[in-house]
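So for the sequence shown, the UniProt record's numbering puts the first residue at 1; every next one is plus one. Taking it in order: structure first as structure tokens, then the write-up.
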Amino acid sequence: NHDNTITDEKNIRIFIRILPLERPCESCVRIDTDRKKIFVRCLQELQPNRIATTNEPSYWCFKTDGIFFDTSQEEVYRVTCGDLVSKILEGISCVLMGQGQTGSGKSFTLSGLRNNWEHRGLVSRILSDMFSERSNRKKVSTIQYHVSFVELHGKETRDLLSPRMENRIRINDRDPFKDVTVVRVENEEQALRKLFEGESKRSTVLGSTYPASHLASAVITIHATNISLVTSHGVVTKAKIHIVEMAGIGTVGRNGGCKTASDIGTANLTKVQLEQYFTYLRGVKPVAYDATRSSNLLKILGNAFSVSSVIRFISHIQITKEDLDITLSTLRFTGNIAKLKPMKVNEDVKYRQDSLVQRLQSEVDALKRELMINKLFLNQEASINISKARLEQINRSVVSFLSGTMSDFTLYNVSQARQLLKSIKDLYNRFTAKEIEIDQLKILYESMSKSIVDASTSTRVEKGSALFVDSQSRTRKKNDSLGDLLEVKEIANETEKGKVGSVVKTVSVGMTLGPYHKDEEEYWKGSNELASSEHVQQNNTHNVMMLFERFLKEAREYAKIKEKLDKSEKTLATVQQRYSNSIDMYFQVKSALENARDKLSKCQQIRQAMRPKNENEAVPEMEIVLARDIACHQKVLVNLEEEVTQAQNEIRDLFMEQIDMRSRLKSGFREYCKQMDVLPLYSDKLMKLLLEPVEKKSLEGIKRKFNQFQRAMMRK
């Protein structure tokens, strides 16, 4: 099948056209019934002085893509050039070449400008189809055609469309059409007029079997530019088709002697140069450079005359015994061309600059809209995946920076900066936890020390009291007055010191022993001030709420805005719930899709492992069902993606609408407070409390789901 495809799509085709004669030599040439092979008699058997004879004649066999014998011009065009117009408009360059013996009908087949309309040549028919195709594609493409016409005679080149009398030009090696007149044509009539103008300037010779025989080769080039008007596929294709009518080859003295030996030698030399070029294409490289530099024809054809272009080669022969040697030479030349291996053709397709800029601008606008949505209702930038190695590197850099071993380090985006702050926060939390642990250990140590001190103090007091009782009994009589005085002073001193031993919580971590009444008064004083400030704030909030309700009752316009805002908030809650449900459903379907793919892969692997070699087994029903489920899941995923995008757009519009309504309410209420002389009660914090009730938990859930959905889209 692959070989058949290559044969059907090969880009080089050769054809043979036989000149009809009144008395052809039927024993010299034979054609098979399919008209794909031609058999030519061996020249050695036709020599009159040959001694050895054979019972059966010998023939040379040449394979072709088609043989035309008594065939109309319409049939020749349909077989050889029927698909060239579409290929040209697709950006594929083509070459249509005719060569053969002088007087074999090359001009009749290719140009046909001296024929009547019914027998017009291939050039006229190609132009007719080109302009017909342009009219059919005028809604989707802008097609332009340009025509050039040159004549080649050895080293000389003449521009047949040049308005100057001296039309000899030099073919440039880099740009062959630099000095050639290229005329833009708008319709078929104008194009034919230019071709007739060039045909009238060609070099001809009289005295042949035809009214005029051309002395030199001619190249008609049609330049086609196809600009697509479809914005989704804005491309520009450029291609050329070269119609080459080569000068007739022959032998000096034949065909009535209408051409000079120089003209025939120049034509034969052109054929030899083409043979050298095709020999190079077959793999013999040393002759390529000389053949290209020495031939103006190869310079004009340029890149179009290669194996990667579309080439149609029509050889013209005569079936006569006298011309059998030239016929064999022509067929050998075409046979060498037929041996070239086909290649993939090159297409000259480029994107339009304006469509390319428009496509890039649309991508930029889409990214801007995505950033705006993220900043609008999630207050963050698009999430960017950071690798685990990069996270570890950031953590090590933070530790090195805080320890002083590193002076600075680089962050590449906002997500990495967010990760940096998170790392610093984690370090701070660990440091704070260690400080709290140390403080708790200090408190435990102080409490244990206090219990030990209290226990030792109580023991010493008991011993001292017993000794004091014994001494008091011995000296009671002598020191009654002195003991009473000391006892009174001790009591007075104790009353002045105040209560010692009460535990008071200070600002720092831990507990302190000290005076009770001063710290307690300061503590209760601060508590009362805090309670009074909270009470005042509650009263202000209540007063502002009452004043705002009164404002809405008096200003009916702002009351409608408030009702619309409440309704918008309810709608937003509904859309957010739908948005959250769509994302949940998306991940459920995606999980089901991955499971189905895994099952299908396992079934296929098992079937491949169990299937014997060289045996075609039908696909099991389970694999068909799994493939159908996968296709269904994929369609559902596409629909869910559209629903999520639609919900994002609705949320964005609702947020913008709410921002506008809150701004109008704030400005209106501020003016109302100014009129009522209660402007000090107005504050942005209270207005935010009144107009922007935010449910943090729901927003956090939506943010988390949105990040998951974005990551899934980026991996897709």
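The beta-carbon is built from N, C-alpha and C at its ideal position, and this holds for glycine as well.
Report task. Evaluate the contact criterion for the stretch 666-686 versus the stretch 541-560: three or more CB pairs, one atom per stretch, below 8 Å. Result -> The stretch 666-686 is in contact with the stretch 541-560.
**Report entry** Close beta carbons around residue 709, own chain, < 7 Å, minus the five adjacent residues each side
**Finding:** 583, 586 and 644.
Report task. Answer with buried or exposed for residue 130, where buried requires no fewer than 16 other C-beta atoms within 10 angstroms of its C-beta. Result -> Classification of residue 130: buried, given that the 10 Å Cβ count is 16 or more.
Query raised in the report: What residues in its chain sit with their C-beta under 8 Å from that of residue 36, if we drop five residues either side in the sequence?
Result: If we look at residue 36 and ignore the five residues flanking it on each side, its Cβ neighbours are 63, 64, 65, 66 and 67.
Query - Burial state of residue 543 (16 or more Cβ within 10 Å) - result: Counting Cβ neighbours within 10 Å, residue 543 comes out exposed, since fewer than 16 surround it.
Requested in this report: Compare the C-alpha of residue 269 against each of 87, 247 and 85 and name the closest.
Outcome: Residue 269 has its Cα closest to that of 247, out of 87, 247 and 85.
Report task. Determine the contact status of residue 282 and residue 339, defining contact as a CB-CB distance below 8 Å. Result -> Yes; because the gap between Cβ atoms is below 8 Å, this pair is in contact.
**Report entry** Where residue 13 sits in the DSSP three-state scheme
**Finding:** In the structure shown, residue 13 adopts extended strand secondary structure according to DSSP, grouped into three states.
**Report entry** Residues of its chain near residue 60, where Cβ-Cβ distance is below 6 Å and the 5 sequence neighbours each way are ignored
**Finding:** Cβ contact annotation for residue 60 (same chain, cutoff 6 Å, sequence separation greater than five): 40, in chain order.
Query raised in the report: residue 80: buried (16+ other C-beta within 10 angstroms of its C-beta) or exposed?
Result: Buried is the call here.
Report task. Could you say which of 420, 104, 14 and 364 lies nearest to residue 391 if we only look at CA atoms? Result -> Minimum Cα-Cα distance from residue 391 among the listed residues 420, 104, 14 and 364 corresponds to 420.
Query raised in the report: The alpha helix (DSSP H) with residue 42 in it runs from where to where?
Result: Note, residue 42: premise wrong, no alpha helix (DSSP H); not H, not E.
Query - Sheet register partners of residue 144 (DSSP bridge) - result: DSSP output for residue 144 lists 225 as bridge partner(s).
Report task. Flag residue 147 as yes if its beta-carbon sits less than 8 Å from any beta-carbon of chain C, otherwise no. Result -> Protein chain content of the structure displayed is limited to a single chain, and chain C is not contained in it.
Query raised in the report: Any idea if residue 596 is buried or exposed, counting beta-carbon neighbours within 10 angstroms, 16 or more meaning buried?
Result: By the neighbour-count criterion, in which 16 or more other beta carbons inside 10 Å mark a residue as buried, residue 596 falls on the buried side.
Report task. List the residues that DSSP assigns as beta-bridge partners of residue 156. Result -> Bridge partners of residue 156: 153.
Query raised in the report: From the DSSP output, which residues share a beta bridge with residue 239?
Result: DSSP, once it has assigned bridges, lists 224 as partnering residue 239.
Requested in this report: Measure the Cβ-Cβ separation of residue 318 and residue 104 and say whether it is below 8 Å.
Outcome: Contact flag set, yes.
Query raised in the report: Candidates 34, 186 and 176: which alpha carbon is nearest residue 146's?
Result: Its Cα nearest to that of residue 146, the residue 186 stands out among 34, 186 and 176.
**Report entry** Extent of the continuous beta strand (DSSP E) run through residue 96
**Finding:** Taken as a continuous stretch (DSSP letters only), the beta strand (DSSP E) holding residue 96 covers 94-100.
Report task. Could you name the residues that DSSP lists as bridge partners for residue 204? Result -> Partner(s): 214.
Query raised in the report: Going straight from the alpha carbon of residue 662 to that of residue 687, what length do you get?
Result: The straight-line gap from Cα to Cα measures roughly 9 Å.
Query raised in the report: With burial defined as no fewer than 16 other Cβ atoms inside 10 Å of the residue's Cβ, what is the status of residue 428: buried or exposed?
Result: Exposed, by the Cβ-count rule.
Query raised in the report: In the structure shown, what three-state DSSP assignment does residue 62 receive?
Result: Note: residue 62 maps to strand in three-state DSSP.
Requested in this report: Note down the Cα distance separating residue 23 from residue 57, rounded to an integer number of angstroms.
Outcome: The alpha-carbon atoms of residue 23 and residue 57 are separated by roughly 20 Å.
**Report entry** Candidates 573, 432, 45 and 98, of which the one nearest residue 242 by Cα
**Finding:** Restricting attention to 573, 432, 45 and 98, the CA atom closest to the CA of residue 242 is found in 98.
Requested in this report: Assuming residue 221 and residue 148 form a contact by the criterion Cβ under 8 Å, report the distance between their Cβ atoms to the nearest whole angstrom.
Outcome: With 8 Å as the limit, residue 221 and residue 148 qualify as a contact, their Cβ atoms being about 5 Å apart.
Requested in this report: Grab me the residues of residue 329's own chain with a C-beta within less than 8 Å of its C-beta, minus the 5 sequence neighbours each way, in chain order.
Outcome: So the qualifying residues of the chain are 249.
Query raised in the report: Okay, do the stretch 85-98 and the stretch 307-314 touch, 3+ Cβ pairs below 8 Å being the bar?
Result: Yes: at least three Cβ pairs fall under 8 Å.
Query raised in the report: What separation, rounded to the nearest whole angstrom, lies between the Cα atoms of residue 652 and residue 370?
Result: Whole-angstrom Cα-Cα distance: 10 Å.
Query raised in the report: For residue 68, which residues does DSSP report across the bridge?
Result: Its beta-bridge partners are 17.
Requested in this report: Label residue 159 either buried or exposed according to how many other C-beta atoms from any shown protein chain fall within 10 Å of its C-beta, with 16 as the threshold for buried.
Outcome: Buried: at least 16 other Cβ atoms inside 10 Å.
**Report entry** Span of the alpha helix (DSSP H), counted from its first residue to its last, around residue 651
**Finding:** Per DSSP, the unbroken alpha helix (DSSP H) holding residue 651 starts and ends at 621-675.
Query - residue 317 in three-state terms, based on DSSP - result: Strand, per DSSP.
Query raised in the report: Who are the near neighbours of residue 266 in its chain, counting only those whose CB is closer than 6 Å to its CB and skipping five residues on each side?
Result: Within its own chain, the residues whose Cβ lies closer than 6 Å to the Cβ of residue 266, once the five positions on either side in sequence are excluded, are 154, listed in chain order.
Query raised in the report: Could you give the residue range of the beta strand (DSSP E) that holds residue 23?
Result: Neither: residue 23 is in no beta strand (DSSP E) and is coded neither H nor E.
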